[in-house]
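**Q** Starting off with a structure, shown below.
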Amino acid sequence: KGSNEESAPSVSANSIKITDITQDGETLTFAITSQKSSSSAGVCVFRTYEDFDWLQQSLLSQEDVPGLLGVIFPPLPGKPLPSTSFTQAKALKQFGFLALGDEWKIYCKALELYLQQVAAHTTLSKSKALSSFFSSTESPGKHRGKKGIFKRLSHVMEEMRKEGHKDVDKFFQSERDSCTHLSVLFKVSTEKFLDTVLTKQKLAVACGHFSTSLHLVCNHDNPAAVTFSKICLKLSDIIEAVKVNFEKVSDNDVSSMGLALDLESRYQEAKKEMLFRRTCKLVELEAANRNSERAKPNKKAIMEGVQKATQKEFNLISSVAKKEIEQYHRARVSVLRDFLVSWCEKQLSTAQETSALFSQHLEACRGFVV
Amino acid sequence: MAASSERSPPPFPESEEQELEPDLEDEDSDEGADIFTGGMLSDVVMDPPLPTSASEPAKDIFSDAPADSFNDPLNKTSAEPEKTESTGLSKAQVVSLVDKAADDEDLFSDPLGESEDVSAEVHKASQNDVVSKADLFGDDDEEDLFKEPLGAVTKKPQVPLFTEEPNDIFTEAKAGSKAPSDLFTEETFTAPSAAAAAKPSVNTGSKTNGLHSDEEDLFAEATVELSLDSPHNDKRKREAAKPSVPASTLSSSASTSKPQPKTLEELEEEENEDKFDLNISVTNPEKVGDGMNAYMAYKVSTQTTLSMFRSKQFVVRRRFSDFLGLYEKLSEKHAQNGYIVPPPPEKSILGMTKVKVGKEDPSSAEFVERRRAALERYLQRVVCHPSLLQDPDVREFLEKEELPRAVGTQALSGAGFLKMINKATDAVSKMTIKMNESDVWFEEKLQEVESEDQQLRKLHAMVDSLVIHRKELSMNTAMFAKSVAMLGSSEDNTALSRALSQLAEVEDRIEQLHQDQASNDFFIFAELLADYIRLLGAVRACFDQRMKAWQRWQDAQNMLQKKRETEAKLLWANKPDKLQQAKDEIVEWEAKVSQYERDFERVSATVRKEVIRYEKEKTRDFKKQIIRYLESLLQSQQQLIKYWEAFLPEAKAIA
Numbered sequence: 001k002g003s004n005e006e007s008a009p010s011v012s013a014n015s016i017k018i019t020d021i022t023q024d025g026e027t028l029t030f031a032i033t034s035q036k037s038s039s040s041a042g043v044c045v046f047r048t049y050e051d052f053d054w055l056q057q058s059l060l061s062q063e064d065v066p067g068l069l070g071v072i073f074p075p076l077p078g079k080p081l082p083s084t085s086f087t088q089a090k091a092l093k094q095f096g097f098l099a100l101g102d103e104w105k106i107y108c109k110a111l112e113l114y115l116q117q118v119a120a121h122t123t124l125s126k127s128k129a130l131s132s133f134f135s136s137t138e139s140p141g142k143h144r145g146k147k148g149i150f151k152r153l154s155h156v157m158e159e160m161r162k163e164g165h166k167d168v169d170k171f172f173q174s175e176r177d178s179c180t181h182l183s184v185l186f187k188v189s190t191e192k193f194l195d196t197v198l199t200k201q202k203l204a205v206a207c208g209h210f211s212t213s214l215h216l217v218c219n220h221d222n223p224a225a226v227t228f229s230k231i232c233l234k235l236s237d238i239i240e241a242v243k244v245n246f247e248k249v250s251d252n253d254v255s256s257m258g259l260a261l262d263l264e265s266r267y268q269e270a271k272k273e274m275l276f277r278r279t280c281k282l283v284e285l286e287a288a289n290r291n292s293e294r295a296k297p298n299k300k301a302i303m304e305g306v307q308k309a310t311q312k313e314f315n316l317i318s319s320v321a322k323k324e325i326e327q328y329h330r331a332r333v334s335v336l337r338d339f340l341v342s343w344c345e346k347q348l349s350t351a352q353e354t355s356a357l358f359s360q361h362l363e364a365c366r367g368f369v370v
Numbered sequence: 001m002a003a004s005s006e007r008s009p010p011p012f013p014e015s016e017e018q019e020l021e022p023d024l025e026d027e028d029s030d031e032g033a034d035i036f037t038g039g040m041l042s043d044v045v046m047d048p049p050l051p052t053s054a055s056e057p058a059k060d061i062f063s064d065a066p067a068d069s070f071n072d073p074l075n076k077t078s079a080e081p082e083k084t085e086s087t088g089l090s091k092a093q094v095v096s097l098v099d100k101a102a103d104d105e106d107l108f109s110d111p112l113g114e115s116e117d118v119s120a121e122v123h124k125a126s127q128n129d130v131v132s133k134a135d136l137f138g139d140d141d142e143e144d145l146f147k148e149p150l151g152a153v154t155k156k157p158q159v160p161l162f163t164e165e166p167n168d169i170f171t172e173a174k175a176g177s178k179a180p181s182d183l184f185t186e187e188t189f190t191a192p193s194a195a196a197a198a199k200p201s202v203n204t205g206s207k208t209n210g211l212h213s214d215e216e217d218l219f220a221e222a223t224v225e226l227s228l229d230s231p232h233n234d235k236r237k238r239e240a241a242k243p244s245v246p247a248s249t250l251s252s253s254a255s256t257s258k259p260q261p262k263t264l265e266e267l268e269e270e271e272n273e274d275k276f277d278l279n280i281s282v283t284n285p286e287k288v289g290d291g292m293n294a295y296m297a298y299k300v301s302t303q304t305t306l307s308m309f310r311s312k313q314f315v316v317r318r319r320f321s322d323f324l325g326l327y328e329k330l331s332e333k334h335a336q337n338g339y340i341v342p343p344p345p346e347k348s349i350l351g352m353t354k355v356k357v358g359k360e361d362p363s364s365a366e367f368v369e370r371r372r373a374a375l376e377r378y379l380q381r382v383v384c385h386p387s388l389l390q391d392p393d394v395r396e397f398l399e400k401e402e403l404p405r406a407v408g409t410q411a412l413s414g415a416g417f418l419k420m421i422n423k424a425t426d427a428v429s430k431m432t433i434k435m436n437e438s439d440v441w442f443e444e445k446l447q448e449v450e451s452e453d454q455q456l457r458k459l460h461a462m463v464d465s466l467v468i469h470r471k472e473l474s475m476n477t478a479m480f481a482k483s484v485a486m487l488g489s490s491e492d493n494t495a496l497s498r499a500l501s502q503l504a505e506v507e508d509r510i511e512q513l514h515q516d517q518a519s520n521d522f523f524i525f526a527e528l529l530a531d532y533i534r535l536l537g538a539v540r541a542c543f544d545q546r547m548k549a550w551q552r553w554q555d556a557q558n559m560l561q562k563k564r565e566t567e568a569k570l571l572w573a574n575k576p577d578k579l580q581q582a583k584d585e586i587v588e589w590e591a592k593v594s595q596y597e598r599d600f601e602r603v604s605a606t607v608r609k610e611v612i613r614y615e616k617e618k619t620r621d622f623k624k625q626i627i628r629y630l631e632s633l634l635q636s637q638q639q640l641i642k643y644w645e646a647f648l649p650e651a652k653a654i655a
């Protein structure tokens, strides 16, 4: 492992694709292809969610990266539960948009984005874990055991009082405020948008029933009612077109705007966690400051040492965090832009298709001789 | 000639209207008869296009103009003996015209200044008639014949009128003449061309002071009468027409081009809608009174050129129970003869109570609108029925200022109404078992009706859920729009913030689209299906009536059988004193049996006709509504395209 540390060129983020997914009982296996930025040869590996989890844990627990606590880690989607015992309603509650789409398509897309973001990250892309994730033939997730620092931190996370701790830095104070605010807003928007998508899907189903029933109205025995039957069949076609339109629109919604909102709200969460980690460090630093002030002379030197080390660490974290935040802000705007544009274009083309189809139907309807 | 101008001053006083009305009708029907004997009535037509001096009061059109027209072209062109007769007729025509005009108080009570407009408009109106008719007949088979005149329409508007129409309208008239009553014949005459006149009148009327629609109708009538001429007067008329052409061209050159773009589409629509030239609208629902005694009153406006009505346009106020009352009267009279009497919307205690309590919530507004639309469709269905239209109660309902308060409509309310229908159908199904149907058609039809009823109910439930989902979608979209707007205002990145705000607006508009579509789903499909579910009840009821007639016939036959047995017994017992009485009874019952049999045959024939009519109407109705629905769908997609097209550059502008 150590030998290829230097030689391992980073994986080109854009080349990462999840090309296939297979389900074996409760386990989902993802086929991931990628290219090293130095070569054109593609590599394909098979990974389960445990491998992804291992990767995330490894990234979180890297020891040789200074200021790691200031990094905004790309958020890994939750563990998929493909079993039938997991109802649709529950899945929606837990995964939101990621539970939609056929055969985990959207979930795969989210995982793919996660890998791309990790690979594109200046610090994280250098990690050994990442390169082994993309190249190792065996499943890296099987031998896990490292309990990273973040397991401990998750305990601290529960201490919500630190959330409101006043910051010494105006920049971070305002970032923390806006992040809390935005992450709530994004969560709400995602939920609301999910509602509209679900309703569109319900409408598609309702249209399907309606269309089928219209077929039954046709009276084949009575030649006098032929025109009426034709009209009903036409209406059935029209309703079918409405149904298809709803399906397309909701697919567009899920695969662009839905995914974007989901990603963004998870990212806001990740940013919030990072800021919280920094806040914890700040609390630690302030404690050290107090300790060194109040320390008895015999312990003063040690306390001051601790205080200085903490101060240094905190400063480092803060500077990394600052860069990370700037980086994230740039990245998110471009990601959101891309999703918005593609969403808009998809909706536009769907509306145009549907409108053309309706025009055809309209013409045909007008042609009926009654 | 002189006599005509003397006699023509119109009977202005309103009090005379009543007395004149019957005359008018008689006269009209007489004309109808004359037409077929080849009488000449053309000259009235000369009025509208004549260059009547524009500054003269309007009544001069009628007193002077006809005289002129007779003097000029007719004297020159024809010296036959029938001339006098024809002028006499046309004079009568003029009088009748003026009679009709007298109903339009506006026209004659106008100050002088406005009459200038009127007569100018007259030219336009007649012009429009001509042109729109030209279009109308352009659709017909004689395309080649028509090509030339159509091209010449702008220059010589009279030409197509004379070359084409008489033939067409004449065939139309022939069709009409088959109808039993004179009154009805009259209707079929006026209907087609008056329908054509209706459109242009909208155009020109809206341009000026709104007064003209009446006059245009007036002249629409005039042109109709022209077109009733038998074809063999054609030549003479053409000659007669020519002198007036340049003048009319001059005065109407401004407006000639306007009505021309009347598209085929519009005419198509007209064909669908105005078979009878009778437009009824129910508008302005208004709460009258307070508390639990409050009720809704509606404005029922009628626009027609049918001569059976006193005027062309009238408005009455009716309350909901009046509509129910009308239904009761009609169904009492006509249902037993096997007619399908269109049922009104049910009473809704819940909906009405909300309105009475006076809560201004959207559901009660929707209730009121829904009921208004249902009442309108109900009335339209009633007047669309050729036999029901003739009913004096219908006319009274549409025309009479005050109706006696309808009582006993309680039975029609909600559950009671349904119960009634169900009872009827139960009775039918019981009787079907007993009745070994000789005519398979009825048996099959009844089955069809039953299954159709079930299917429609199913469809109705589906449309209902569709509407519910649409409403839900619109609500969700509104909430999403709101949260996106909040995102936009909290976003730090200026371009992104702007785009999000724009997106919120787009979503707001889309919400409106969903809402509109929900009400389209509802008002087009749900209501259409609800109407037809109700109508199917009426269809079943007419089968029921046929069954009753059959039952009566059978009972009479049984009775006759008994009487014959009695006679046989008496013969056997040799009781001649009672024999005569028995024989009389047999004769009596024989008459009854044949009477009831005829009744049954008559009801059967009516039912058959009515069911076929119902099916036709249904097909037409569905087609119309589906087109309407598609148009609404298409429109909302096109709106969507606009919204997204506008948003795309905003999204791309995010940097």
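Residue numbers (the UniProt record's numbering), protein chains in the order written: chain Z, 1 to 370; chain C, 1 to 655.
Glycine is no exception: its CB is placed at the ideal position from the N, C-alpha and C atoms.
Because the structure is a prediction, the values reported are computed rather than measured.
#1: What would DSSP say about residue 305 of chain Z, mapped onto helix, strand or coil?
#2: The alpha helix (DSSP H) spanning residue 500 of chain C covers which residue range?
#3: In chain C, which residues lie less than 9 Å from residue 238 of chain Z when you measure between Cβ atoms?
#4: Do we get a CB-CB distance below 9 Å when we pair residue 206 of chain Z with the residues of chain C?
#5: So what's residue 361 of chain C in DSSP terms, helix, strand or just coil?
#6: With a CB to CB cut of under 8 Å and the five nearest residues on each side skipped, what residues in its chain are close to residue 575 of chain C?
#7: Is the distance from the Cβ of residue 272 of chain Z to the Cβ of residue 176 of chain Z below 9 Å?
#8: Give me the Cα-Cα distance between residue 583 of chain C and residue 571 of chain C, rounded to the nearest whole angstrom.
#9: Within 10 Å of its beta-carbon, does residue 265 of chain Z have 16 or more other beta-carbons around it, so buried, or fewer, so exposed?
#10: Could you name the residues of the same chain whose beta carbon sits closer than 6 Å to that of residue 279 of chain C, not counting the 5 residues immediately before and after it, in chain order?
#11: So residue 533 of chain C and residue 453 of chain C are supposed to be a Cβ contact under 8 Å. How far apart are they, rounded?
#12: Compare the C-beta of residue 515 of chain C against all C-beta atoms of chain Z and say whether one is closer than 9 Å.
#13: List the residues that DSSP assigns as beta-bridge partners of residue 278 of chain C.
#14: Cutting at 6 Å between CB atoms, please list the residues of its own chain near residue 389 of chain C, excluding the five before and the five after it.
#15: Measuring CA to CA, which of C:626, C:653 and C:645 is closest to residue 238 of chain Z?
#16: With DSSP collapsed to three states, give me the class of residue 564 of chain C.
#17: How long is the line joining the alpha carbons of residue 249 of chain Z and residue 648 of chain C, rounded to whole angstroms?
#18: Which ranges does the alpha helix (DSSP H) cover as unbroken runs of at least 4 residues, wholly within the region 27–78 of chain Z, from first to last along the chain?
#19: Would you call the region 501–508 of chain C and the region 551–561 of chain C in contact, with 3 or more CB pairs under 8 Å?
#20: Quick check on residue 310 of chain C: does DSSP put it in helix, strand or coil?
#21: Helix, strand or coil: which one does DSSP assign to residue 288 of chain C?
#22: Output, in chain order, the set of chain C residues within a Cβ distance shorter than 8 Å of residue 228 of chain Z.
#23: What residues match up with residue 317 of chain C in a beta bridge as DSSP calls it?
#24: Is the shortest distance between the beta-carbon of residue 231 of chain Z and the beta-carbons of chain C less than 9 Å?
#25: Look at the Cβ atom of residue 450 of chain C, then the Cβ atom of residue 540 of chain C, and state whether they are nearer than 9 Å.
#26: For the region 254–285 of chain Z, which residues have a beta carbon sitting closer than 7 Å to at least one beta carbon of chain C?
#27: Under a CB-based cut-off of 9 Å, is residue 654 of chain C close to chain Z?
#28: Between residue 624 of chain C and residue 400 of chain C, what straight-line distance do the alpha-carbon atoms span, to the nearest angstrom?
#29: Is residue 441 of chain C buried or exposed, if buried means 16 or more other CB atoms sit within 10 Å of its CB?
#30: Hey, how far is the Cα of residue 282 of chain C from the Cα of residue 396 of chain C?
#31: Could you tell me if residue 324 of chain Z is buried or exposed, where buried requires 16 or more neighbouring beta carbons within 10 angstroms of its beta carbon?
#32: I'd like the list of long-range same chain contacts for residue 330 of chain C, defined as Cβ closer than 8 Å, with 5 residues on each side in sequence excluded.
#33: Classify residue 370 of chain Z as helix, strand or coil using the three-state DSSP reduction.
#34: Which of the three DSSP states, helix, strand or coil, is assigned to residue 24 of chain Z?
#35: Should residue 55 of chain Z and residue 262 of chain Z be called a contact, given that it needs their Cβ atoms to be closer than 9 Å?
**A** From the atom records:
#1: The answer is helix: DSSP assigns residue 305 of chain Z an H, G or I state.
#2: Start and end: 494–520.
#3: Neighbours of residue 238 of chain Z on chain C, chain order: 626, 629, 630 and 633.
#4: Using a CB distance cut-off of 9 Å, residue 206 of chain Z counts as an interface residue toward chain C.
#5: Looking at residue 361 of chain C - three-state DSSP - the assignment turns out to be coil, as it is neither helix nor strand.
#6: No residues qualify anywhere along the chain.
#7: For the pair residue 272 of chain Z and residue 176 of chain Z, the CB atoms are nearer than the 9 Å cut-off.
#8: Rounded to the nearest angstrom, the two C-alpha atoms are 11 Å apart.
#9: So residue 265 of chain Z ends up on the buried side.
#10: If we look at residue 279 of chain C and ignore the five residues flanking it on each side, its Cβ neighbours are 303.
#11: Contact check for residue 533 of chain C and residue 453 of chain C: beta-carbon distance about 7 Å, within the 8 Å limit, so the pair qualifies.
#12: With 9 Å as the cut-off, residue 515 of chain C does not count as an interface residue toward chain Z.
#13: Answer is C:304.
#14: The answer, listed in chain order, is 383.
#15: Among C:626, C:653 and C:645, the Cα nearest to that of residue 238 of chain Z belongs to C:626.
#16: Three-state result, residue 564 of chain C: helix.
#17: When rounded, the distance between both Cα atoms is 16 Å.
#18: Whole alpha helix (DSSP H) segments, 4+ residues: 49–60.
#19: Segments in contact, no.
#20: Under the three-state reduction of DSSP output, residue 310 of chain C falls in the coil class, being neither helix nor strand.
#21: DSSP places residue 288 of chain C in strand when its eight states are reduced to three.
#22: Neighbours of residue 228 of chain Z on chain C, chain order: 615, 618, 619 and 622.
#23: Under DSSP, residue 317 of chain C takes part in a beta bridge, and its partners are C:299.
#24: It does; some Cβ of chain C falls within 9 Å.
#25: Yes, they are a contact pair.
#26: None of the residues of the region 254–285 of chain Z has a beta carbon lying less than 7 Å from any beta carbon of chain C.
#27: Yes, contact with chain Z.
#28: The straight-line gap from Cα to Cα measures roughly 32 Å.
#29: Flag for residue 441 of chain C reads exposed.
#30: Cα-Cα distance, rounded: 16 Å.
#31: Here residue 324 of chain Z is buried, its C-beta having at least 16 other C-beta atoms within 10 Å.
#32: Within the same chain, residue 330 of chain C has close Cβ partners 341, 382, 388, 391, 393 and 394.
#33: For residue 370 of chain Z, the three-state secondary structure derived from DSSP is coil.
#34: Here residue 24 of chain Z carries a strand assignment [DSSP, helix/strand/coil].
#35: Contact: no.
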